[in-house]
Amino acid sequence: MSDPVIVTSALPYANGPIHFGHIVGAYLPADVYVRFRRMCGDDVHFLCGTDEHGVAITLKAEKEGVAYPDYVDHWHERIHRTLQRFGIEFDAFSGTASHRNEHHAPLAQQFFTDLLRNGWLVEREEEQFFSESTQRFLPDRYVEGTCYLCGYDKARGDECPRCGKFLESKRLLEPRSTIDGSRPVLKSSKHWYLDLGRARDEWLRAWFLGKHGQWKPNVENFVLGDLAELRERPITRDLPWGVPVPLPGTAGKVLYVWFDAPIGYLSISKQYFAKRGEPERFEKLWRSPNTRLFHFIGKDNITFHAVIFPAMLKGTGRGWILPENVPANEFFNFEGRKFNTSSGWFVPESSVADDPTDVLRWALCSMMPETADSEWTWSEFQARVNGDLADNLGNFVTRTLRFVEKFFEGAIPPRSGETLAQDKALDDAAVRTVAEVREHFGSFRFRRALAAILALGGECNRYFDAEQPWVLVKQTPTRRRAGDVMHACCRMIDLLAVLIAPVMPATARLIRRAMHRESVPLAFASIAPRHEFPNEGIRGAPLTTVFPKFRDERGEEKTALFRKVTDERVASERARLAELASAAVAPAPATTVSPTKSPAEALAATVDYEGFTAVDLRAATIVAAERHPKADRLLVLRVDLGFQTRTIVAGIAASYSPEELVGRRVIAVANLAPRTLRGVESQGMLLAGDDAGGKPRLLAPDAATPDGVRVR
RNA sequence: GGCGGGAUAGCUCAGUCGGUUAGAGCGAAGGCUUCAUAAGCCUUAGGUCGCGGGUUCGAGUCCCGCUCCCGCUACCA
Numbered sequence: 103m104s105d106p107v108i109v110t111s112a113l114p115y116a117n118g119p120i121h122f123g124h125i126v127g128a129y130l131p132a133d134v135y136v137r138f139r140r141m142c143g144d145d146v147h148f149l150c151g152t153d154e155h156g157v158a159i160t161l162k163a164e165k166e167g168v169a170y171p172d173y174v175d176h177w178h179e180r181i182h183r184t185l186q187r188f189g190i191e192f193d194a195f196s197g198t199a200s201h202r203n204e205h206h207a208p209l210a211q212q213f214f215t216d217l218l219r220n221g222w223l224v225e226r227e228e229e230q231f232f233s234e235s236t237q238r239f240l241p242d243r244y245v246e247g248t249c250y251l252c253g254y255d256k257a258r259g260d261e262c263p264r265c266g267k268f269l270e271s272k273r274l275l276e277p278r279s280t281i282d283g284s285r286p287v288l289k290s291s292k293h294w295y296l297d298l299g300r301a302r303d304e305w306l307r308a309w310f311l312g313k314h315g316q317w318k319p320n321v322e323n324f325v326l327g328d329l330a331e332l333r334e335r336p337i338t339r340d341l342p343w344g345v346p347v348p349l350p351g352t353a354g355k356v357l358y359v360w361f362d363a364p365i366g367y368l369s370i371s372k373q374y375f376a377k378r379g380e381p382e383r384f385e386k387l388w389r390s391p392n393t394r395l396f397h398f399i400g401k402d403n404i405t406f407h408a409v410i411f412p413a414m415l416k417g418t419g420r421g422w423i424l425p426e427n428v429p430a431n432e433f434f435n436f437e438g439r440k441f442n443t444s445s446g447w448f449v450p451e452s453s454v455a456d457d458p459t460d461v462l463r464w465a466l467c468s469m470m471p472e473t474a475d476s477e478w479t480w481s482e483f484q485a486r487v488n489g490d491l492a493d494n495l496g497n498f499v500t501r502t503l504r505f506v507e508k509f510f511e512g513a514i515p516p517r518s519g520e521t522l523a524q525d526k527a528l529d530d531a532a533v534r535t536v537a538e539v540r541e542h543f544g545s546f547r548f549r550r551a552l553a554a555i556l557a558l559g560g561e562c563n564r565y566f567d568a569e570q571p572w573v574l575v576k577q578t579p580t581r582r583r584a585g586d587v588m589h590a591c592c593r594m595i596d597l598l599a600v601l602i603a604p605v606m607p608a609t610a611r612l613i614r615r616a617m618h619r620e621s622v623p624l625a626f627a628s629i630a631p632r633h634e635f636p637n638e639g640i641r642g643a644p645l646t647t648v649f650p651k652f653r654d655e656r657g658e659e660k661t662a663l664f665r666k667v668t669d670e671r672v673a674s675e676r677a678r679l680a681e682l683a684s685a686a687v688a689p690a691p692a693t694t695v696s697p698t699k700s701p702a703e704a705l706a707a708t709v710d711y712e713g714f715t716a717v718d719l720r721a722a723t724i725v726a727a728e729r730h731p732k733a734d735r736l737l738v739l740r741v742d743l744g745f746q747t748r749t750i751v752a753g754i755a756a757s758y759s760p761e762e763l764v765g766r767r768v769i770a771v772a773n774l775a776p777r778t779l780r781g782v783e784s785q786g787m788l789l790a791g792d793d794a795g796g797k798p799r800l801l802a803p804d805a806a807t808p809d810g811v812r813v814r
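Under our numbering, the first residue of the first sequence is numbered 103, with each subsequent residue one higher.
Structure follows, in structure tokens:
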């Protein structure tokens, strides 16, 4: 029996939907890897769940007036459905909230007390605002007051929206709670910090350096940079939602969400084994030195999984295993930009509603950001589906099986026993491919695995062409050879089913069913070094009863393994995006609106007419523009308001070059208090809204409105 | 500005320890073929490996400088 394997995917935060970027970064690669290891005969446990604590969740839930558990339940369900859509099949998908996973809080508390006992935690006392009306400490974001630097009376606890400075919340003047307006008092609060610097010096750096060469280079480089800057990190907060700190006199204190989240991997598997009536297996699995632990994550999570969580695991002294590898992926973009759910820059579920799960999985794997950022484009999707799946693999399968159906009455003929040089060559190619594919799946290089599979598909098509069975089959003396060729092709199809199975499990089963071989396990173990395929004849099923039926773009009935992506479809998707890109402010797409999440920015508080007219807006023209000498994002503009010309500094360098701005009409805020921005005084501001990519776009008055006219 | 990543064929990318004439897929041009989903196969064209120095018998690969792009970060009021 091989060593047990634990595979985890990053716990999605139960505060919003997940999109292609998450799928391709952490969930699909894990699922593919799990299927691959199982096909190799390994005992794999695949764990995931939602991360359900933290300030962001409490803020959103409170804003929507929903109880925390109900709020996270909604996203838990929604996220789980999305994962299932992509065929991600976990052994356990749970979460970190106590109502979902009764094992989580006790285990997280055990981590805390273990670390405390072993001296890895540092205790510090600091002053923080406390609301007496609600009897709880207020995170900085819940406190509002007068800025002690500029006098602005609506400064937030962490920073002042007017002067832009970071603030020390306890120095705010006239502080008040944003929850009920009551005046909080300063009260000292005790918190605990994880001493990561000491862990690094004592063992963490050495442990990590010992992994040199085994982890992906992008991950290794990232961690090396991290190690240099490790410090203490607070692991507790004053918050009403989370895992309580397990010490007397700490009411209202919980473990910081980043601390309790990764412990979810353990608590979820503990819950899983408990439910199965085998509670003893949990510790056995997680404390056996033979167990191999793999964390699949996006690159934004590297520090937690490669540095902090190992420090936590080791620090407990309980012998929890440390990760064998953290195969983090880079970022996945969409048609040249970052995915952005709220502005519509993403792939709506409706756009891929008709695409089989396997097809999406294959396409995403072929674009996976394994070593560098990559992106989804519709034309790339079309190329992968049409060229790789339909034309190469799919067509080889159908041309072979149809040939058997047509010329051999659906019965794959037995081999004659004669093997020609080209048969041997094909077989050698297959053996080589199997070795390559195993190697690549095993080392998280899925794109290469797919490329190797496609190369074998090419070999198979060339073999078919070169042997010309359609000629051989028509004459009696050569008919037997045609049978041998078909037998070899069927054997290759049977093998291809195994090779694609980690990525396209349903398609693999479909192919097997077409040859009445669904009872034969899809296993890599069975094809080392040579794929076993019976020498006797095999009766195939009529393709029309097995493969999908559809109408192609010309309206013809088709029975085939894969349906092609039409040019029209690509064009319409790109048209949608072009529209989004050209819109000054992107409209919120209806397809993603969920009951609890509004894609639009929250509406500001109501103002009366006087409140509005307090802002003096004027039509104006830019007469000169240059880059700010000391800030990359700022432009220094001379703006003609009709009655005077002013200098205005605007943060629009990401969208406009100085040259293209001269002569441009704009709307300016004319009575804004002047402010110095990195050394240049700005006497007003320009109105702008963000485009779909988050870049600012200027608003312009109608041409008939002269400079200086007031805008109301 | 700071930190990190990157720049290789029209496009997407591979290129290990420095080693022969820098590769693949797609796209393009031409041809062959009819079992198969307008599928398959063959051939051809296409490169100043971002720029400039350096190390070396030898540099896409290592070192230094520069330009441009992406991310994080600071400056957006």
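Glycine residues also receive a C-beta, built at the ideal position from the N, C-alpha and C atoms.
Just so you know, these numbers come straight off a predicted model, no measurement behind them.
Whole-number beta carbon distance between residue 113 and residue 363, since they are thought to touch under 8 Å: If you number the first sequence from 1, residue 363 lands on position 261. If you number the first sequence from 1, residue 113 lands on position 11. Confirmed, Cβ separation roughly 6 Å.
Using a Cβ distance threshold of 8 Å, determine whether the segment 623-642 contacts the segment 463-470, with at least three qualifying pairs required. no
Evaluate residue 815 with the Cβ neighbour count: other Cβ atoms within 10 Å of its Cβ, from every protein chain shown; 16 or more gives buried, anything less gives exposed. The structure shown does not extend to residue 815, since the chain is modelled only from 103 to 814, so the question has no answer here.
Measuring only the C-alpha atoms, how far is residue 343 from residue 598? Against the first sequence, residue 343 aligns to sequence position 241. Against the first sequence, residue 598 aligns to sequence position 496. Between residue 343 and residue 598, the C-alpha separation is close to 50 Å.
Considering only heavy atoms of the ligand HEM, does any lie closer than 6 Å to the CB of residue 292? This structure lacks the ligand HEM; in fact it carries no ligand of any kind.
Between residue 718 and residue 772, how many whole angstroms is the CB-CB distance? I'm expecting something under 8 Å. Within the first sequence, numbered from 1, the residue matching residue 718 stands at position 616. Within the first sequence, numbered from 1, the residue matching residue 772 stands at position 670. The Cβ separation is near 5 Å, so the contact holds.
Only counting runs of 4 or more residues, tell me where the alpha helix (DSSP H) segments fall wholly within the segment 195-244, in order along the chain. 206-219
Is residue 549 closer than 7 Å to residue 606 when the C-beta atoms are compared? Indexing the first sequence from 1 puts residue 606 at position 504. Indexing the first sequence from 1 puts residue 549 at position 447. No, the pair does not count as a contact, with Cβ atoms beyond the cut-off.
Mind checking who residue 289 pairs with in its DSSP beta bridge? Sequence index remark: in the first sequence, residue 289 carries index 187 (1-based). Per DSSP, 230.
Once DSSP output is grouped into helix, strand and coil, what is the label at residue 787? Numbered from its first residue, the first sequence carries residue 787 at position 685. Note: residue 787 maps to strand in three-state DSSP.
Can we say the segment 552-562 touches the segment 620-629, given the rule of at least three CB pairs closer than 8 Å? no
Flag this pair as touching only if the segment 151-165 and the segment 333-351 have three or more C-beta atom pairs under 8 Å; answer yes or no. yes
Under three-state DSSP, which class holds residue 430? Your numbering for residue 430 matches position 328 in the first sequence. Residue 430 falls in the coil class under three-state DSSP.
For a test of the three-state rule: what should DSSP assign to residue 356, helix, strand or coil? What you label residue 356 is simply residue 254 of the first sequence in a count that begins at 1. Note: residue 356 maps to strand in three-state DSSP.
Cβ neighbour criterion (16 or more within 10 Å) applied to residue 373: On the first sequence, position 271 is the one that residue 373 refers to. Counting Cβ neighbours within 10 Å, residue 373 comes out buried, since at least 16 surround it.
With three or more beta-carbon pairs closer than 8 Å as the criterion, would you say the segment 742-756 touches the segment 778-793? yes
Where residue 110 falls: helix, strand or coil (DSSP): Working through the first sequence from its first residue, we reach residue 110 at position 8. Residue 110 falls in the strand class under three-state DSSP.
Consult DSSP for residue 713 and reduce its assignment to one of helix, strand or coil. For the purposes of this step, residue 713 is taken as the residue at position 611 of the first sequence. Correct three-state label for residue 713: helix.
Does the segment 445-462 come close enough to the segment 135-148 that 3 or more CB-CB pairs lie under 8 Å? no
List, from N- to C-terminal side, the alpha helix (DSSP H) runs of 4 residues or more that fit wholly inside the segment 512-587. 523-544, 548-569 and 571-574
Please classify residue 222: is it buried, with 16 or more other beta-carbons within 10 angstroms of its beta-carbon, or exposed? Sequence index remark: in the first sequence, residue 222 carries index 120 (1-based). When all chains shown are included, residue 222 counts as buried.
Taking the alpha helix (DSSP H) that residue 462 belongs to, which residues open and close that run? By one-based count along the first sequence, residue 462 stands at place 360. Looking at the DSSP string, the run of the alpha helix (DSSP H) that includes residue 462 is 459-468.
Rounded to whole angstroms, how far is the Cβ of residue 336 from the Cβ of residue 293, which I believe are closer than 8 Å? Mapped onto the first sequence, residue 336 falls at position 234. Mapped onto the first sequence, residue 293 falls at position 191. The Cβ separation is near 5 Å, so the contact holds.
For residue 502, count neighbouring Cβ atoms within 10 angstroms of its own Cβ and tell me buried if that reaches 16, exposed if not. In the first sequence, residue 502 corresponds to position 400, counting from 1. Its Cβ being crowded by 16 or more others within 10 Å, residue 502 is buried.
Tell me the rounded alpha-carbon separation between residue 790 and residue 310. For the purposes of this step, residue 790 is identified with residue 688 of the first sequence, where counting begins at 1. For the purposes of this step, residue 310 is identified with residue 208 of the first sequence, where counting begins at 1. C-alpha separation (whole angstroms): 47 Å.
Quick check on this structure: which residue in 284, 217 and 206 has the alpha carbon closest to the alpha carbon of residue 239? Residue mapping note: residue 239 aligns to position 137 of the first sequence, counting from 1. For residue 239, the nearest C-alpha among the options comes from 284.
Runs of 3 residues minimum, wholly inside the segment 333-420: which ones carry the beta strand (DSSP E) assignment? 334-336, 338-340, 355-357 and 394-398
Which partner residues does residue 442 have in the DSSP bridge list? Counting from 1 along the first sequence, the entry for residue 442 is found at position 340. In DSSP, residue 442 forms a bridge with 447.
Taking C-alpha atoms, which residue in 617, 192, 141 and 580 lies nearest to residue 514? Residue 514 sits at position 412 when you count from the first residue of the first sequence. The candidate whose alpha carbon is nearest that of residue 514 is 617.
So who's on the other strand from residue 297, going by DSSP bridges? Position 195 of the first sequence holds residue 297. Paired residue(s): 334.
Should residue 695 be labelled buried (16 or more other beta-carbon atoms within 10 Å of its own) or exposed? In the first sequence, residue 695 corresponds to position 593, counting from 1. In this predicted model, residue 695 has a pLDDT of only 26, less than 50, meaning its place in the structure is not dependable; the value taken from the coordinates is given anyway. The residue is exposed, with fewer than 16 neighbouring Cβ atoms inside 10 Å.
Please report the residue range of the beta strand (DSSP E) in which residue 728 lies. By one-based count along the first sequence, residue 728 stands at place 626. Where residue 728 is concerned, the enclosing beta strand (DSSP E) stretches over 719-729.
Which of helix, strand or coil DSSP assigns to residue 659: Locating residue 659 in the first sequence gives position 557, counting from the first residue. Reduced to three states, the DSSP call for residue 659 is strand.
Quick check: the Cα distance between residue 140 and residue 614, rounded to an integer number of angstroms? Numbered from 1 along the first sequence, position 38 holds the residue referred to as residue 140. Numbered from 1 along the first sequence, position 512 holds the residue referred to as residue 614. So the two alpha carbons sit approximately 18 Å from each other.
Who does residue 813 pair with in a DSSP beta bridge? Within the first sequence, the letter at position 711 stands for residue 813. Partner(s): 719.
My assumption, with CB atoms under 8 Å, is that residue 720 sits in contact with residue 770. Please give the rounded CB distance. Indexing the first sequence from 1 puts residue 720 at position 618. Indexing the first sequence from 1 puts residue 770 at position 668. Contact flag correct, Cβ pair sits at about 5 Å.
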